[in-house]
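From first to last, the protein sequence lines stand for chains A and B. Residues in the first sequence are numbered from 1236 upward in steps of one, following the numbering used here. Residues in the second sequence are numbered from 30 upward in steps of one, following the numbering used here. Built from N, CA and C at the ideal position, the CB exists for glycine as well. All values reported here derive from a predicted model rather than from experimental measurement.
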Amino acid sequence: MSAWDRFAETFLNGEVLARYLPSILGGVWVTVELSLLIVVAGILLGTALACLRAYRIAPLSLLIVVFADVFRSLPPLVLILMGYFGLPNVGFTLSAFAVLFVILTLTLAAFTEEIVWAGITATPKGQWEAARSTGMGFSQTLVWVVLPQAVRMVIPPLTNRAIAITKMTALGSVIGVPDILNQATTAQSFSGNASPLLLASALYVLLFLPLVIASRRLEARFAWRT
Amino acid sequence: MSEMNATDRVGGTKPPTLQLSGLHKSFGTVEVLREIDLTVERGQMVFVLGRSGSGKSTMLRCCNRLEEPSAGSIFLEGQDICARGVDLDKIRRRIGMVFQSFNLYPHLDARRNVTLALRKVLKLGRDEADERATSALDRVGLANRADHYPGQLSGGQQQRVAIARAIALQPVVMLFDEPTSALDPELVGEVIAVMRELKDLHMTMLVVSHEMAFAREAADRVVFMADGRIVEDAPPEQFFTQPSEESTRAFLARYSA
Ligand SMILES: Nc1ncnc2c1ncn2[C@@H]1O[C@H](COP(=O)(O)OP(=O)(O)OP(=O)(O)O)[C@@H](O)[C@H]1O
Ligand SMILES: [Mg+2]
């Protein structure tokens, strides 16, 4: 058997692929659903926290900073394992899907908070002053003047981070969330063949490459009109 | 704009539009404004001159409390704006401010730069706000640029939009902090022209600017600041031809040279 044949047998085994395709495609739906939920919830929560921090209420800001720093320094896998295997011991049982969603949402929220906060502080003081001098209140200025500019400024790091964290849905396979990777590793162990893993890789590229490209476009679209 | 306070200007019994009295401002231990007394009567245009660091901007920014005075009081049409319990946002909508660096909102086109406060502060409906914005932009000669973003406008045009943004709220006084200093020389004229037009409409204005010729021609009074004090306060003719203070003379000599 030539090297190519051996490679094809291992990674491009049509028979294995055909058998497990349905379950792996089912995993695609789980991954997509989770990713969308995490991106929406994580970015909303993180942005809301950054806005709260803008009010500079010392104890509240401290809490937000502690939250953001802790969730940015812990590997999400650790939290996912703790959430799934640890929490039931204190009488708090969440489904694997819910644990993955909560942990990754909080992780994305932590990064989003820091990124959007950086955007808020980078918005020139003159923007605040101009708006306040027309009689707009602090919250109005934050929402209508500062935040739109802050978010535009941080779209590149924000989309990068959102993509990086949604890719971590693959960590769910460890606690049995039936996502793409989980379905593929199951198929791989049943069939003793690695083809499902190659298929899973292809599916991840198919899912995330358009996102990466879309983020490029988004950056261009939100650049200041000159 | 044209209907701006037209009726009650004739009276004359009303208190001055803006009055600073015994105003002090310190940043930490540095005293930047000392014992400032200044009155701007209704319909007047008062020019403020002074060297860099003399406190001109700080004084202007105290007038709408972008800077918090350390002592003294400021009256807007007789109302103490530093009194406890005043609604600062309500006061500020009656005081227009124009900044050296325009400070337009870069994410909004010219029309929405003007309508934002109309919608959020005055709570006007979309149509009414648009109408007012159009007439304010028309007043500064930019009705045809309403859908341009700040980045698509020249410096002079941006500053005119900023003026439109302020006058759309129909303020009782306008504060200008070096409105032409950030502009290329050939763009200064168009902004001055708009200010001259406001003056013709009897807008009350307090202007920090080094456009001497304009001050001489259009100001009702010129004040000169040095070291946080007002050292000279006179009508323009007298100010420029026979200032009473040595420091004013030195300043004028340097600037006319
Ligand atoms: N936020 C601040 N903190 C500390 N010092 C300040 C602050 N703002 C202004 N100052 C100081 O107050 C003094 C007066 O400043 P101000 O900006 O009012 O001067 P100006 O007359 O407007 O000068 P310019 O012509 O350069 O604009 C300066 O010495 C300046 O360094
Ligand atoms: Mg200044």
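Within chain A, the residues whose beta carbon sits less than 8 Å from that of SER130(B) are GLY1361, listed in sequence order. With contacts defined as CB atoms closer than 8 Å, ALA1289(A) and LEU1393(A) fail to qualify as a contacting pair.
If you look at PHE269(B), you'll find it in the alpha helix (DSSP H) that goes 265-270. Around THR144(B), the same chain offers ALA158, ASP159 and ALA162 as residues with beta carbons nearer than 7 Å, after the five sequence neighbours per side are excluded. Taking a beta-carbon distance threshold of 8 Å, GLN1423(A) does not count as an interface residue toward chain B.
Proximity of the stretch 86-105 of chain B to the stretch 264-283 of chain B falls short of the contact definition, fewer than three beta-carbon pairs being nearer than 8 Å.
Beta-carbon to beta-carbon, LEU235(B) and LEU89(B) are separated by about 7 Å, close enough to satisfy the 8 Å threshold.
The beta-carbon of MET1317(A) is placed no less than 8 Å from the nearest beta-carbon of chain B. Annotation for MET88(B): the continuous alpha helix (DSSP H) segment containing it runs 85-91. Remark: the shortest separation between the CB of SER1450(A) and any heavy atom of ligand 2 does not fall under 7 Å. Between ligand 1 and the CB of SER83(B), the shortest heavy atom gap is smaller than 7 Å.
Among the residues of chain B, none has a CB under 8 Å from the CB of PRO1257(A); the nearest is roughly 47 Å distant. By the neighbour-count criterion, in which a residue is buried when 16 or more other Cβ atoms sit within 10 angstroms of its Cβ, ASN1324(A) is exposed.
Secondary structure at VAL115(B): coil, using DSSP grouped into helix, strand and coil.
One Cα belongs to PHE1425(A), the other to ILE1415(A), and the distance between them is close to 16 Å. Residue pairing by DSSP leaves ALA146(B) without any beta bridge partner. Excluding five sequence positions before and after THR1340(A), the CB atoms of its chain that fall closer than 6 Å to its own CB belong to ILE1273, ALA1276 and GLY1277, given in chain order. At a cut-off of 8 Å between beta carbons, LYS149(B) contacts chain A. Remark: the C-beta of SER276(B) is outside contact range of ligand 1, defined as less than 7 Å to any heavy atom.
Within the chosen limit of 7 Å, ligand 1 does not reach the beta carbon of GLY1407(A) with any heavy atom. For ALA255(B), the three-state secondary structure derived from DSSP is strand. The beta-carbon of MET203(B) is placed no less than 8 Å from the nearest beta-carbon of chain A. Here GLY170(B) carries a coil assignment [DSSP, helix/strand/coil]. As the crow flies, the alpha-carbon of SER1368(A) is around 25 Å from that of THR1282(A). In this model, GLY185(B) and VAL220(B) are separated by some 6 Å (Cα to Cα). Assignment of beta strand (DSSP E) within the stretch 149-226 of chain B, counting only whole runs of 3 or more residues, yields 202-206 in chain order. For SER86(B), the closest alpha carbon among the candidates LEU137(B), LEU204(B) and VAL59(B) is that of LEU204(B).
Taking a 10 Å sphere around the C-beta of TRP1379(A), we find 16 or more other C-beta atoms and assign the residue as buried. Remark: fewer than three beta-carbon pairs, one from each stretch, lie closer than 8 Å, so the stretch 163-182 of chain B and the stretch 69-86 of chain B are not flagged as touching.
In this chain, the alpha helix (DSSP H) harbouring LYS1360(A) covers 1360-1368. Look at VAL1409(A) here: in three-state DSSP terms it is helix.
ARG1451(A) has no beta-bridge partner at all, per DSSP. Three or more pairs of CB atoms, one per stretch, sit closer than 8 Å, so the stretch 191-209 of chain B contacts the stretch 110-124 of chain B. Counting C-beta pairs with one atom in each stretch, the stretch 1394-1406 of chain A and the stretch 1445-1456 of chain A have three or more that are closer than 8 Å, which means they touch. It is roughly 17 Å from the alpha-carbon of GLU1454(A) to the alpha-carbon of ALA1353(A).
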